[in-house]
Every structure is written in C-alpha cells, then in structure tokens.
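Asker:
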Amino acid sequence: FDKARATALARDLAETFPDRSPGSPGALSARQWFADEVGKIGLRVRRQPFVATIPGQGRIHLENLIVTIPGRSPQALAVLAHLDNVGTGPGANDNASGIAALIELARSYATSVSGNAPPGASIVSPAHTLFFVATDGGEFGGLGADRFAADFRDRIVAAVVLDSIAGRDTARLVIAGNTAREADPGLVETTAARIQEQAGAPPRRPGAGTRPG
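Those letters in the sequence shown? Residues 15 to 227, by the numbering used here.
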C-alpha cells in the first residue's frame, strides 16, 4: 500500500470533482474517473445501476462500480467505499480518502487478473473472491451499499467499509455482525493480530460500556 499514491488519488478526486452529489454531472464524471483509474492497473468495473429515492430530490438514477478479483473460493469478501458526497464541499476525507484506499488495495491484486507482473514480483492469488466496490448514495443512508448487499448477499461472508479514513482523529475499526450477536471472537483476534503486524503495536480496545461511536 503506497500512502503517497493514495493521497494523490484522494486529492485528484476531491479537487477535480468537488460536487459528487447523487445524480449530478460531477457524480457521473467521478464514476468515469474511478473506472479510468482502475483501468490503468489492468482492472475493469462492472456497473450496477439502480434507482432510489433521495429526500428532497425524488427518484434518482444511481450506480455502483464493482471490481472483481477471482479467488479460489466463490465465497467473497467485499471492500466498499462511497464515491458520492453531499456536494457542499470537495469531500476530501468523506470520502475521497476511502475511494483512494479502495483503488490502492485493489492494485495489490491486479496482477492476479491481468498477469502483467513485473520481473521478480509475486502474483497474489486470494483464497476468497474479492469485490472492491465504489458505491453511490452513501451520504443518503448507504443506498448503494444496501443495493450491493441485496444482490450479492448469498456470496459475501464479510465486508470492510472504508469511510473518512484520513481524518486527524485516531484510526478506528468497528467490527460488527448482521445480527444482534457480538462479532465472532476469532475474527476479532485475527484482526488484532494483523493490525499489530502492520502497526508494530497492538490496537487499543474499548472497555466495557464504551460506545463505539
């Protein structure tokens, strides 16, 4: 993961398309920007158009963009970030930062699809199929994430949502399930171990009674 490259992507998206509100010309251009950026690394997008109601705007045509990395299992892990913003500012953190990270993460697996690995480089072949999804309508109740989940729920075993990850506050990872039960202990411990590998220190955990927000 190249931090400088991700930062440059976030800046380019935010400055070039400051208004990415659903249904706007900027949203359409931002989707093409995303498709072009993943195209540069040898990946293609699958478009998932849909229509949803946005308060004050009515029925709006929206579109998710899905990049698929085939894995050894048809079961899939999904990484999502919303491409839209409310249109009142460039949305550099919310959520150009998440989209930039999404692209940079997908880059790690591009050679497994294109086969164009540089000399000496290893080709990463994931155990699970991976979906990298730029969703629409994220600022209006996660409309695109809901649509993606509805269409792919039979395949998805876990999802990671990247949202406002470049702020000045301490990075926070919230692990939750789709039921009232707490997160699986095995997933929590595996996640903590991977964080320690990358950060060089174990993550801090909230105490009993601490609100996740």
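Ideal placement from N, C-alpha and C gives every residue a C-beta, glycine not left out.
If distances are taken between C-alpha atoms only, which option among Val171, Pro216, Arg73, Phe162 comes closest to Gln62?
Answerer: Phe162
Asker: Between which two residues does the alpha helix (DSSP H) harbouring Gln62 extend?
Answerer: Careful: Gln62 lies outside any alpha helix (DSSP H), inside the beta strand (DSSP E) at 60-68.
Asker: Give the straight-line distance between the Cα atoms of Gly227 and Leu42, rounded to the nearest whole angstrom.
Answerer: Legend: pLDDT at Gly227 = 45, less than 50; position of this residue unreliable, value from coordinates given subsequently. Cα to Cα, the separation comes out at about 32 Å.
Asker: Suppose the cutoff is 7 Å on Cβ atoms and the five residues either side in sequence are ignored; what does the same chain contact list for Arg228 look like?
Answerer: Residue coverage of the chain in this structure runs from 15 to 227, which leaves residue 228 outside it and unanswerable.
Asker: Would you identify the three-state DSSP class for Arg219, choosing helix, strand or coil?
Answerer: Three-state DSSP puts Arg219 in coil, outside helix and strand.
Asker: Helix, strand or coil for Thr193? Go by DSSP, reduced to three states.
Answerer: DSSP places Thr193 in coil when its eight states are reduced to three.
Asker: Apart from the five residues just before and just after Ile170, which ones in its own chain have a Cβ nearer than 6 Å to its Cβ?
Answerer: Ala90, Ala92
Asker: Using 7 Å as the threshold, is the C-beta distance between Gly37 and Phe31 below it?
Answerer: It is not a contact, given that the beta carbons lie outside the stated cut-off.
Asker: According to the neighbour-count rule (16 or more other Cβ atoms, all chains shown, within 10 Å of its Cβ), is Glu77 buried or exposed?
Answerer: Burial check for Glu77: the Cβ neighbour count within 10 Å reaches 16 or more, so the residue is buried.
Asker: Start and end of the beta strand (DSSP E) containing Gly72?
Answerer: 72-83
Asker: Kindly give me the distance between the Cβ atoms of Arg58 and Val65, rounded to whole angstroms, as I take these residues to be in contact under 8 Å.
Answerer: Actually they do not touch by this definition, with Cβ atoms about 24 Å apart.
Asker: Assuming contact is defined by CB atoms lying nearer than 7 Å, are Ile113 and Ala95 in contact in what I supplied?
Answerer: yes
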